[in-house]
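Q: Just dropping this structure here.
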Amino acid sequence: GQSLEQPSEVTAVEGAIVQINCTYQTSGFYGLSWYQQHDGGAPTFLSYNALDGLEETGRFSSFLSRSDSYGYLLLQELQMKDSASYFCVLTTADKLIFGTGTRLQVFP
Amino acid sequence: NAGVTQTPKFQVLKTGQSMTLQCAQDMNHEYMSWYRQDPGMGLRLIHYSVGAGITDQGEVPNGYNVSRSTTEDFPLRLLSAAPSQTSVYFCASTGAAYNEQFFGPGTRLTVL
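Chains as they are written, first to last, in our numbering: chain A, 1 to 108; chain B, 109 to 220.
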């Protein structure tokens with residue numbers, strides 16, 4: 001089967017850097033994505049890693065290591081609006097598989 | 109472009125009633141899917157479709173039917189609503205790259 005594990009909650013202060021880890025088990029996949037979801041809203045796409053290494057998009061970076069079955073999302077210069085849930089997602093041949101999500105709370 | 113639209117936004121049903129959640133996209137995406145999200149949980153895949161006329165089951169298909177007669181529309185039908193189906197339902201579509209899903213705003217369903 002396929003599964004992903006993330007911490008349930010992370011807290012940080014404005015301006016800080018936070019890393020949200022994701023470990024997975026799968027027999028095969030195309031890549032690892034990250035989605036953000038604010039309370040009451042729909043998930044929105046943040047990043048995608050098809051290959052090992054770091055992908056940077058503004059304040060957000062995502063990393064993948066296939067050999068370690070591990071990835072992370074790095075958020076820099078945290079802002080209050082970054083308070084949300086973050087999901088790592090496996091892209092397989094025919095579907096996306098979501099992790100259970102990490103709730104990030106940013107404090108002033 | 110409207111993106112992915114869902115109707116209704118909110119719905120209350122009684123146990124045993126049936127209804128159809130509507131989903132449409134105007135991005136000409138082949139891949140569409142339905143998820144449910146329970147409080148404090150991730151998204152679980154109900155059904156998906158890789159193109160018109162083709163559907164398949166996801167992780168939690170029981171109690172739901174889908175059809176895909178056109179590229180644009182992917183309705184989800186609840187056959188006989190049960191309180192366990194109280195959830196938020198999201199429809200999503202994906203382009204050829206399969207790496208970015210666009211989600212609709214969701215339908216908040218309560219079954220009494």
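The beta-carbon is built from N, C-alpha and C at its ideal position, and this holds for glycine as well.
Check each residue of the region 152-172 of chain B: if its Cβ is closer than 9 Å to any Cβ of chain A, include it; give the result in chain order.
A: 152, 153, 156, 158, 164, 166, 167
Q: Considering only DSSP beta bridges, list what residue 66 (chain A) is partnered with.
A: As a position in the first sequence, residue 66 (chain A) is number 66, starting the count at 1. According to DSSP, residue 66 (chain A) bridges with nothing at all.
Q: Can you find the residues in the same chain that come closer than 6 Å, C-beta to C-beta, to residue 209 (chain B), ignoring five residues on each side of it along the sequence?
A: Within the second sequence, the letter at position 101 stands for residue 209 (chain B). Here the set comprises 200, 202.
Q: Report, in whole angstroms, the separation of the C-beta atoms of residue 32 (chain A) and residue 64 (chain A), which I expect to be a contact under 8 Å.
A: Working through the first sequence from its first residue, we reach residue 32 (chain A) at position 32. Working through the first sequence from its first residue, we reach residue 64 (chain A) at position 64. The pair is a contact, with the Cβ atoms about 5 Å apart (cut-off 8 Å).
Q: Compare the C-beta of residue 68 (chain A) with all C-beta atoms of chain B and state if any pair is closer than 8 Å.
A: Stepping through the first sequence from its first residue, residue 68 (chain A) is reached at position 68. No - not a single Cβ of chain B is within 8 Å of the one on residue 68 (chain A).
Q: CB residue 214 (chain B) to CB residue 42 (chain A), shorter than 8 Å?
A: One-based indexing of the second sequence puts residue 214 (chain B) at position 106. One-based indexing of the first sequence puts residue 42 (chain A) at position 42. Yes. Within cutoff.
Q: Name the chain B residues that come within less than 7 Å of residue 33 (chain A), Cβ to Cβ?
A: For the purposes of this step, residue 33 (chain A) is taken as residue 33 along the first sequence, with counting starting at 1. Ordered by position in chain B, the residues that pass the 7 Å Cβ test against residue 33 (chain A) are 207.
Q: Who are the Cβ neighbours of residue 116 (chain B) in its own chain at under 7 Å, not counting the five residues just before and after it?
A: Counting from one through the second sequence, the residue named residue 116 (chain B) turns up at place 8. Correct list, in chain order: 215.
Q: Which partner residues does residue 53 (chain A) have in the DSSP bridge list?
A: What you label residue 53 (chain A) is simply residue 53 of the first sequence in a count that begins at 1. According to DSSP, residue 53 (chain A) bridges with A:64.
Q: Checking contacts by CB at 8 Å: is residue 96 (chain A) closer than that to chain B?
A: On the first sequence, residue 96 (chain A) is found 96 positions in, with the first residue counted as 1. It does: the Cβ of residue 96 (chain A) has a partner Cβ on chain B nearer than 8 Å.
Q: CB-CB under 8 Å to residue 121 (chain B), same chain, minus the five flanking residues each way: which ones, in chain order?
A: Your numbering for residue 121 (chain B) matches position 13 in the second sequence. Here the set comprises 127, 186, 189, 217, 218, 219, 220.
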